[in-house]
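Protein chains: 2
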Amino acid sequence: MARSDRSVLPGSTAMLVLALLKAREMYGYEIIEELEKRSNQVFQLKEGTLYPILHSLEKEKLVTARDQETPSGRKRRYYHITAAGLQALDAKKEEWQTFSQAVTAILAGA
Amino acid sequence: MARSDRSVLPGSTAMLVLALLKAREMYGYEIIEELEKRSNQVFQLKEGTLYPILHSLEKEKLVTARDQETPSGRKRRYYHITAAGLQALDAKKEEWQTFSQAVTAILAGA
DNA sequence: ATAATATACCTAGATAATCTAGGTATAAGG
DNA sequence: CCTTATACCTAGATTATCTAGGTATATTAT
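Chains A and B, in that order, are what the protein sequence lines are.
Counting from 1, one number per residue, gives the positions in the first sequence under my numbering.
Counting from 1001, one number per residue, gives the positions in the second sequence under my numbering.
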């Protein structure tokens, strides 16, 4: 994310990526754009952040990857969520809900 | 926070601390307990996390500190939020809202 | 009385998430 | 043809938090 946001919430990027991949398989560059679009410009992932995350998700077998070329010749690496990835997503979503509710509870008093 | 939570949301601890201090001045150990209680055990700050945060908040002049002894002789360091701290809290709260709404938007599809 | 636990503060070094700042290569648009 | 956008990648820096210690005193249990 952009530097200013590091103070707010790192640590859930993998979850966001898995959430997008649940809908359909996507390639890295596309994920960055989609996250930006769907979050109304709030998330602006750097490539240096996303690609390592994709690689580690792949190593954990939460996603699989396949290479494909566009008709014009561009090479893309498509990522597809696995059953384990869907499970991990559910777990992370629950963690997120617990966490954000707790934050809200604390902030309510302020 | 507990290790398992590092994957979810580091980066907002200072905000939570400021939020507590808005209500009343508190000492470090008390902050840890209060955060745990008010968050229903979700936040379990380690001393090694909190004390450095308090020191940096003090250096940024978002809080001031004063030492006080209890009748029984225990030494405590009370922290009090400053005007700048209140301003910073508001800014962080807004950041948080923007961020959590964006996350919710992404997760909604999953 | 004494031992164990809780309170209350602290710091140095490790770990891990993200960013910075590069790099390569090809396609599309001016 | 030159610039910009697309598309992938990595090494090293930065930073938040944790781990794992440390000190000292008060309270509670034996």
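In this text, a Cβ means the ideal position worked out from N, Cα and C, and glycines have one as well.
Same chain, Cβ closer than 6 Å to residue i, neighbours up to 5 away in sequence not counted
i	result
B/R1066	Y1078
B/V1008	With a pLDDT of 44 at B/V1008, under the threshold of 50, the modelled position of that residue is not reliable, and the figure given next carries that caveat. Here the set comprises nothing.
B/R1076	Y1027 and Q1068
B/N1040	none
A/R3	Note that A/R3 scores 34 on pLDDT, short of 50, meaning its location in the model is unreliable and no value can be drawn from it.
Assigned secondary structure, residue i (DSSP; H/G/I helix, E/B strand, else coil)
i	result
A/T98	helix
B/L1082	Checking the displayed sequence, the identity of residue 1082 of chain B turns out to be Thr instead of Leu. If DSSP states are grouped into helix, strand and coil, B/T1082 belongs with coil.
B/E1069	strand
B/V1103	helix
B/A1075	A quick correction: the sequence has Lys, not Ala, at residue 1075 of chain B. B/K1075: strand per DSSP, three-state reduction.
A/V17	helix
A/R6	With a pLDDT of only 44 at A/R6, under 50, the local geometry of the prediction cannot be trusted, and the value read off the model is given with reservation. Correct three-state label for A/R6: helix.
Distance CB(residue i)-CB(residue j) smaller than 8 Å
i	j	result
B/K1093	B/M1015	yes
A/V42	B/A1102	yes
B/A1084	A/A19	no
A/R38	B/A1105	yes
A/S56	B/S1100	no
Where the alpha helix (DSSP H) containing residue i begins and where it ends
i	result
A/R38	G28 to R38
B/K1059	E1047 to K1059
Neighbourhood of residue i by C-beta distance below 8 Å, restricted to the same chain and skipping five residues each side
i	result
A/T64	E58, Y79, H80 and T82
B/L1045	M1001, T1013, I1031, I1032, L1035 and E1036
Own chain partners of residue i with C-beta closer than 7 Å, once the 5 adjacent residues on each side are dropped
i	result
A/I53	T13, A14 and V17
B/D1090	none
A/K22	I81, L86 and L89
B/Y1051	G1028
A/K61	T82 and A84
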